[in-house]
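A.B. asks: This is the structure I have questions about; it appears just below.
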Amino acid sequence: MSRLQIFDEGMPPNLIADCADAETIATHLHAIGVLFERWPTRDLPSGARQEDILAAYAPEIDRLKAEGGYRSVDALSVAPTHPDRAALRTKFLSEHTHAEDEVRFFVAGEGLFTLHTDGRVFNMLCTRGDLISVPAGMQHWFDMGSRPDFTVLRLFINPDGWVAKFTGDPIADRYPRHEPVVA
113 MSRLQIFDEG MPPNLIADCA DAETIATHLH AIGVLFERWP TRDLPSGARQ EDILAAYAPE
173 IDRLKAEGGY RSVDALSVAP THPDRAALRT KFLSEHTHAE DEVRFFVAGE GLFTLHTDGR
233 VFNMLCTRGD LISVPAGMQH WFDMGSRPDF TVLRLFINPD GWVAKFTGDP IADRYPRHEP
293 VVA
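Start counting at 1 in the sequence shown, then tack on 112, and there's your number in my numbering.
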């Protein structure tokens, strides 16, 4: 289940809000410029090919491409047996920004996006059916957990331009990491 926790950025962090209602989550995230939507999910076979996943979500993808100017989309899957899972997890655990929006739709599984803005930290657990769009320049980090198991759609304006710019702030170390809900 999707879950948003909002903390102040003080030491120690103080929990301000904790919610699992999609409308409430969307309202909180909209207030900081983050898009959050729940999409109807499609039944796809385990190990579905990228082409099949993209075809299943074509209407939603086309809408986002038209609204946001995104030019490419792909599907990425990471399994608990992935040989580089530890390195992949570590790659985005520190606070960073991007020059363009980070748009993800969770086809399966889950991951924890943590957003840092306006003196607050927003832990957003995204699960199957969740779309999140973190705006360009927003400080954030992502945790896929120690045993990642997810498939996401990723939309890009310029895939070559999607590079993390790390802030050097150790803030991410003070907040909860992702502990998978899905077994």
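Virtual Cβ for every residue (Gly too), placed ideally from N, Cα, C.
With 8 Å as the threshold, decide whether the Cβ of F262 is near any Cβ in chain C.
C.D. replies: Of the protein chains in the structure, only one exists, and it is not chain C.
A.B. asks: Quick one: grab the DSSP three-state call for L166.
C.D. replies: Helix, per DSSP.
A.B. asks: Which of helix, strand or coil does DSSP assign to E291?
C.D. replies: Of the three classes helix, strand and coil, the one that applies to E291 here is coil, per DSSP.
A.B. asks: Do you know offhand how far D130's Cα is from A211's?
C.D. replies: If I take the Cα positions, the gap works out to 29 Å.
A.B. asks: Please name the residue in F278, S114, G122, D242 whose C-alpha comes closest to that of T202.
C.D. replies: Ranking the options by Cα distance to T202, first place goes to F278.
A.B. asks: Would you mind giving the Cβ-Cβ distance between A170 and R154, rounded to the nearest angstrom? I have them listed as a contact below 8 Å.
C.D. replies: With 8 Å as the limit, A170 and R154 do not qualify as a contact, their Cβ atoms being about 10 Å apart.
A.B. asks: Determine the direct distance from the alpha carbon of W253 to that of H57, and round the result to whole angstroms.
C.D. replies: Residue 57 is absent from the model: the chain starts at 113 and stops at 295.
A.B. asks: With burial defined as no fewer than 16 other Cβ atoms inside 10 Å of the residue's Cβ, what is the status of R216: buried or exposed?
C.D. replies: Under this definition R216 is a buried residue.
A.B. asks: Suppose you measure from the CA of A295 to the CA of G221; what does that come to, to the nearest Å?
C.D. replies: In this prediction, A295 scores a pLDDT of 46, lower than 50, which makes its location untrustworthy; no coordinate-derived value is stated.
A.B. asks: So, is V275 buried or exposed, given that buried needs 16 or more other C-beta atoms within 10 angstroms?
C.D. replies: With fewer than 16 Cβ atoms within 10 Å of its Cβ, V275 is classed as exposed.
A.B. asks: Rounded to whole angstroms, what is the Cα-Cα separation between R232 and A199?
C.D. replies: Answer to the nearest angstrom: the Cα atoms are 28 Å apart.
A.B. asks: Across which residues does DSSP place E121 in a beta bridge pair?
C.D. replies: According to DSSP, which records beta bridges pairwise, E121 is partnered with nothing at all.
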